[in-house]
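Protein chains: 6
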Amino acid sequence: MIFLTRRATFSASHYYWNEAWSAEKNQQVFGRCANRNGHGHNYTLEVTVAGEPDAVTGFVVDLKWLKDVMEREVLAAYDHRHLNLETPEFNNANPTTENIAIAAWKRLEPAINGASDAGAGGAKLKRIRVYETPEIFAEYRGEA
Amino acid sequence: MIFLTRRATFSASHYYWNEAWSAEKNQQVFGRCANRNGHGHNYTLEVTVAGEPDAVTGFVVDLKWLKDVMEREVLAAYDHRHLNLETPEFNNANPTTENIAIAAWKRLEPAINGASDAGAGGAKLKRIRVYETPEIFAEYRGEA
Amino acid sequence: MIFLTRRATFSASHYYWNEAWSAEKNQQVFGRCANRNGHGHNYTLEVTVAGEPDAVTGFVVDLKWLKDVMEREVLAAYDHRHLNLETPEFNNANPTTENIAIAAWKRLEPAINGASDAGAGGAKLKRIRVYETPEIFAEYRGEA
Amino acid sequence: MIFLTRRATFSASHYYWNEAWSAEKNQQVFGRCANRNGHGHNYTLEVTVAGEPDAVTGFVVDLKWLKDVMEREVLAAYDHRHLNLETPEFNNANPTTENIAIAAWKRLEPAINGASDAGAGGAKLKRIRVYETPEIFAEYRGEA
Amino acid sequence: MIFLTRRATFSASHYYWNEAWSAEKNQQVFGRCANRNGHGHNYTLEVTVAGEPDAVTGFVVDLKWLKDVMEREVLAAYDHRHLNLETPEFNNANPTTENIAIAAWKRLEPAINGASDAGAGGAKLKRIRVYETPEIFAEYRGEA
Amino acid sequence: MIFLTRRATFSASHYYWNEAWSAEKNQQVFGRCANRNGHGHNYTLEVTVAGEPDAVTGFVVDLKWLKDVMEREVLAAYDHRHLNLETPEFNNANPTTENIAIAAWKRLEPAINGASDAGAGGAKLKRIRVYETPEIFAEYRGEA
Numbered sequence: 001m002i003f004l005t006r007r008a009t010f011s012a013s014h015y016y017w018n019e020a021w022s023a024e025k026n027q028q029v030f031g032r033c034a035n036r037n038g039h040g041h042n043y044t045l046e047v048t049v050a051g052e053p054d055a056v057t058g059f060v061v062d063l064k065w066l067k068d069v070m071e072r073e074v075l076a077a078y079d080h081r082h083l084n085l086e087t088p089e090f091n092n093a094n095p096t097t098e099n100i101a102i103a104a105w106k107r108l109e110p111a112i113n114g115a116s117d118a119g120a121g122g123a124k125l126k127r128i129r130v131y132e133t134p135e136i137f138a139e140y141r142g143e144a
Numbered sequence: 145m146i147f148l149t150r151r152a153t154f155s156a157s158h159y160y161w162n163e164a165w166s167a168e169k170n171q172q173v174f175g176r177c178a179n180r181n182g183h184g185h186n187y188t189l190e191v192t193v194a195g196e197p198d199a200v201t202g203f204v205v206d207l208k209w210l211k212d213v214m215e216r217e218v219l220a221a222y223d224h225r226h227l228n229l230e231t232p233e234f235n236n237a238n239p240t241t242e243n244i245a246i247a248a249w250k251r252l253e254p255a256i257n258g259a260s261d262a263g264a265g266g267a268k269l270k271r272i273r274v275y276e277t278p279e280i281f282a283e284y285r286g287e288a
Numbered sequence: 289m290i291f292l293t294r295r296a297t298f299s300a301s302h303y304y305w306n307e308a309w310s311a312e313k314n315q316q317v318f319g320r321c322a323n324r325n326g327h328g329h330n331y332t333l334e335v336t337v338a339g340e341p342d343a344v345t346g347f348v349v350d351l352k353w354l355k356d357v358m359e360r361e362v363l364a365a366y367d368h369r370h371l372n373l374e375t376p377e378f379n380n381a382n383p384t385t386e387n388i389a390i391a392a393w394k395r396l397e398p399a400i401n402g403a404s405d406a407g408a409g410g411a412k413l414k415r416i417r418v419y420e421t422p423e424i425f426a427e428y429r430g431e432a
Numbered sequence: 433m434i435f436l437t438r439r440a441t442f443s444a445s446h447y448y449w450n451e452a453w454s455a456e457k458n459q460q461v462f463g464r465c466a467n468r469n470g471h472g473h474n475y476t477l478e479v480t481v482a483g484e485p486d487a488v489t490g491f492v493v494d495l496k497w498l499k500d501v502m503e504r505e506v507l508a509a510y511d512h513r514h515l516n517l518e519t520p521e522f523n524n525a526n527p528t529t530e531n532i533a534i535a536a537w538k539r540l541e542p543a544i545n546g547a548s549d550a551g552a553g554g555a556k557l558k559r560i561r562v563y564e565t566p567e568i569f570a571e572y573r574g575e576a
Numbered sequence: 577m578i579f580l581t582r583r584a585t586f587s588a589s590h591y592y593w594n595e596a597w598s599a600e601k602n603q604q605v606f607g608r609c610a611n612r613n614g615h616g617h618n619y620t621l622e623v624t625v626a627g628e629p630d631a632v633t634g635f636v637v638d639l640k641w642l643k644d645v646m647e648r649e650v651l652a653a654y655d656h657r658h659l660n661l662e663t664p665e666f667n668n669a670n671p672t673t674e675n676i677a678i679a680a681w682k683r684l685e686p687a688i689n690g691a692s693d694a695g696a697g698g699a700k701l702k703r704i705r706v707y708e709t710p711e712i713f714a715e716y717r718g719e720a
Numbered sequence: 721m722i723f724l725t726r727r728a729t730f731s732a733s734h735y736y737w738n739e740a741w742s743a744e745k746n747q748q749v750f751g752r753c754a755n756r757n758g759h760g761h762n763y764t765l766e767v768t769v770a771g772e773p774d775a776v777t778g779f780v781v782d783l784k785w786l787k788d789v790m791e792r793e794v795l796a797a798y799d800h801r802h803l804n805l806e807t808p809e810f811n812n813a814n815p816t817t818e819n820i821a822i823a824a825w826k827r828l829e830p831a832i833n834g835a836s837d838a839g840a841g842g843a844k845l846k847r848i849r850v851y852e853t854p855e856i857f858a859e860y861r862g863e864a
């Protein structure tokens, strides 16, 4: 089994806020991230699929196909967007690096694992990594 | 003469918009950057000063002093901020990478070139670079 | 379960030496690393914790809390230090990348896994990576 | 158990082609990679071994020994080479990133796991990663 | 005046060879680069233009326009190509990093300095950098 | 004219100290860098030469020749060394990034500008950059 990974980047805004708390409590817990005007990052999305290389092509998946899936399922929704305001999964949940990793998994898992395209091979999604900065990243493997 | 450079990063939101134009014209010229909700970046600020190393310390400037100046003059205003909404220089000008480089120069030049602190040596600001992403950066040298 | 990682850097000196060996044997086994004056590196410490994101904050741990733990438990002891001469765990053991990874685990494991701070959530230490250079790194998962 | 990793780079040419297909079919499946003149990459090879640090040296393996093995077993065959034309494992198989990872494993596994050199310790090969670009990499762990 | 830089990457094959020399002389001067099967690199092309930011847009050039110019003038000819065999400028000259930098300048200078597109502003090409690897790069400023 | 640059890395220890000052004054000015046990860095040395590409080879200099010069003149003296204790130029001067850049220039300038080797072409040393960390670097151009 081979693990094949492709990276992409997106630029987005976000803030952290809990409507049930006072402004003071939000400020205390979330610090500068509680600024409601938002701030932003160049995120890196790292998608790992696993499978056997095809005997003829040598591909686990067609990397052009995987790029298209990542752009259609994740980047189209997140890139140059304000995550809190423009993506439904973060209307009621903070777009932390952890939560973005889980949300990207939910967006990609059906598109990859359920794909019948030739490009998909029989590969399965194994791991999502999201880097908020080069110093901070979250990883989700679809497991409890 | 030695050129000494220090880097720092800040995370901020921005958008591009011209109030004098229609939404259609803004969209046509600025594309996805015209999204008024904002999007964001991990910016890298690169500050270069020039001078002679002190005969005793070997320093052109005290790098701790330079770090403090960068944090006080630029990062305190830009980091975890929405540049259009929260910094006066971008209330009526788009926070493009080019304009951020010029604005950072204007913030840093008096603080560095006019400093009488021991840490400043006689060093002068020579160059500002701002990276919006690793693929795009603007440089300003204080020259027409 | 989410794996959340934070990186930090520290600059330290070290050498490799075995007191029970002759200088010739030390030189033969450790090469240039046997120089008793020491040489140094910019190390990168990568700390991975695992847990469930909090339903309200979206945090596995508060990253500011994790940063403080890393600084207090590891960087305060290693940064700008000579590891052989100034840290007790390397008085009788070479500060190889492997041994630094194990030592950082021992320093961080009680501080993270035993923490009762709000910032700690219920997250547990899962992995330590130490990069001596971008080309060489050691990883320890607390397992035999 | 410690996982110790060393990276090296090599520059090579390759193309993707299936002799059983028409030129049109090759072009359709492999796109620009079907150019028979070849194109190339700066590949990064990442080799991870696992073992216990030696009580005296603190080494899982002698990193100089590992470097020599990587150069002798992989880089001598791949660096500054056209993979399709000059390496037997790719005479009848496309040198995709996936296949290069498997081939590097086959070259390194006997040299590492079967080594009786002092430098080898009792370490075993655990993982191969091959980066074709910073955005694309394949990983093989010797497991089906 | 602002210097604005955009980077792009391309993957290409090349070799070094002088038809007027014997195989032995070619081998002696060019070493492993004399392999006529070719080897390859992930090149980075860095294009710097200079000008004044537009008072309305804040742009020296429209970065989307610059990206298109770089792709049309350079990447379309170099990416996934064998430089010696497929680009006329290297039919009789070695595609060294130095010569690629000059050739990219010749391709880009008329397209940028002579452009009348709105996106071009009045910006002029100032500098080309070509990285063959992260360790080796050549820079050309259009000056003798 | 082409500017051709090659990078190399070295790992070294250093401290900052002025014998004419009290320990307190040294501590106050140099902070953690005043630790006499030393600390260390992975330095990057970046050497830029300028000249015309040779009409036959396409080389400004033979990069293998330049690598050998850098290793012989600088890395042999600095790599895996304690700069204060083992290099004469820092016996009475702090090995700051600024001073290392000047010292590397003095070591390389005669070896490059005075070379009569075929590999040297007529290229001249134009610029030295020394990175102490990715965030801090000094540049010297041989000019007052």
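Residue numbers (my numbering), protein chains in the order written: chain D, 1 to 144; chain G, 145 to 288; chain S, 289 to 432; chain F, 433 to 576; chain L, 577 to 720; chain A, 721 to 864.
Yeah, the Cβ is synthetic: ideal placement off N, Cα and C, and Gly gets one too.
A:Ala824 is positioned such that its CB atom lies closer than 7 Å to that of A:Val794. Membership of A:Val850 in the beta strand (DSSP E) is indicated by the continuous run Lys844 to Thr853. Nearest Cα to F:Asn523 within the set F:Glu451, F:Met433, F:Val492 and F:Tyr572: F:Glu451. From the beta-carbon of L:Tyr716, the residues of chain A found nearer than 9 Å are Met721, Ile722 and Phe723.
In the three-state DSSP reduction, D:Tyr43 falls in the strand class (E or B). Around the CB of S:Val337, 16 or more other CB atoms lie within 10 Å, so the residue is classed as buried. Collapsing the DSSP output to three states places F:Val481 in a strand. Taking the Cβ atoms as the reference, G:Arg150 lies roughly 6 Å from A:Ile856, within the contact range of under 8 Å.
Residue environment: G:Glu276 is assigned as buried (16 or more neighbouring CB atoms within 10 Å of its CB, all protein chains considered). If you draw a straight line from the Cα of F:Ser454 to the Cα of F:Val461, it is about 11 Å long. Spanning the alpha carbons of S:Val349 and L:Arg705 requires a straight line of approximately 43 Å. At a beta-carbon threshold of 8 Å, the residues of chain S lying near F:Val492 are Glu386 and Ala426, ordered along the chain. Straight-line measurement puts the Cα of S:Pro376 at about 17 Å from the Cα of S:Ser299. Going by C-alpha positions, G:Arg285 is about 17 Å away from L:Lys700. Within the model, the alpha-carbon separation for S:Arg395 versus G:Pro197 is close to 40 Å. Among the CB atoms of chain G, none fall inside 7 Å of the CB of L:Pro710. Contacts with chain F (Cβ-Cβ distance below 7 Å) from the segment 592–608 of chain L involve Arg608, listed in chain order.
Boundaries of the beta strand (DSSP E) around L:Leu580: Ile578 to His590. Around the Cβ of L:Arg657, a 10 Å sphere holds 16 or more other Cβ atoms; the residue is buried. Looking only at A:Tyr735, A:Met790, A:Glu744 and A:Asn814, the smallest Cα-Cα distance to A:Leu765 is reached by A:Met790. Among the bridge pairs identified by DSSP, D:Arg81 is matched with D:Ala12.
The residue among D:Arg32, D:Ile100 and D:Lys25 with its C-alpha nearest the C-alpha of S:Lys352 is D:Arg32. Across the structure, A:Val767 and G:Leu227 are spaced so that their CA atoms are roughly 38 Å apart. By alpha-carbon distance to A:His759, the top candidate from A:Gly771, A:Leu805 and A:Glu863 is A:Leu805. Between the alpha carbons of L:Gln603 and A:Thr777 lies a gap of roughly 12 Å. Contact annotation, D:Phe59 with F:Thr528: C-beta distance approximately 6 Å; criterion of less than 8 Å satisfied.
Taken through DSSP and simplified to helix, strand or coil, D:Phe137 comes out as strand.
Here S:Asn382 is actually not in contact with A:Asn762; their C-beta atoms are around 19 Å apart, not less than 8 Å. CA-CA distance, A:Ala754 to S:Ala426, rounds to 29 Å. For A:Pro815, the secondary structure class from DSSP, reduced to helix, strand or coil, is coil.
Sixteen is the threshold: since fewer than 16 other Cβ atoms of the shown chains lie within 10 Å of the Cβ of D:Ser116, the residue is exposed. Residue-level contact by beta carbon fails for D:Asn92 and chain S, as no gap is shorter than 7 Å.
Assignment of L:Phe666 by DSSP, reduced to helix, strand and coil, places it in the helix class.
Close CB contacts of L:Asn689 within its chain, under the 7 Å cut and outside five residues either way in sequence, are with Lys700 and Leu701 (chain order).
Apart from sequence neighbours up to five positions away, the residues of its chain that approach S:Ser301 with a beta-carbon distance below 6 Å are Gly326, Gly328 and His370, ordered along the chain.
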